[in-house]
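The numbers in the numbering used here rise by one with no breaks, and the one at position 18 of the sequence shown is 76.
All C-beta atoms in this analysis are idealised placements derived from N, C-alpha and C, irrespective of residue type, glycine included.
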Amino acid sequence: MKTPAGRECPHFYGDYFRGKNVEECRLLNLYGQAWTPDLCRTCPVPDIARANSCQHMKLKANVTRPLTALFQKRVQVSAFCEKSKRDVAEPQVGCGDCHALPFKFEVKE
Ligand code: SF4
């Protein structure tokens, strides 16, 4: 479903049927974090979901305010692979267990 920022996100839920206007982030809900529509603008989850659809990777989201109170709140994401049982450093790429990363490239001259 498209977020208020206009990007597809598998965790966004909106119900506009018959005049309803219910919107929520089910990922932040899962971790008891308060969601506001402006968080979707800078959230990395839509890009992660587009780059990596591995069913074993689970995302954990936190709302943080970087460095000082002057900066706006952002969603910070960490990932864990339930198959390899380890943290995923780069969620866009994955842990490399199911989908091995490409070997080495050879350039012949
Ligand atoms: S905050 Fe992030 S995860 Fe939540 S609905 Fe918006 S884009 Fe999706």
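In this structure C101 is buried. Its beta-carbon is surrounded by 16 or more other beta-carbon atoms within 10 angstroms.
Bounds of the beta strand (DSSP E) holding V121 are M115 to T122. Excluding its 5 nearest sequence neighbours in each direction, A107 has C-beta neighbours in its own chain below 6 Å: P68, listed in chain order.
DSSP places R76 in no alpha helix (DSSP H); its state is neither H nor E.
Taking the C-beta atoms as reference points, L117 is found nearer than 7 Å to A137.
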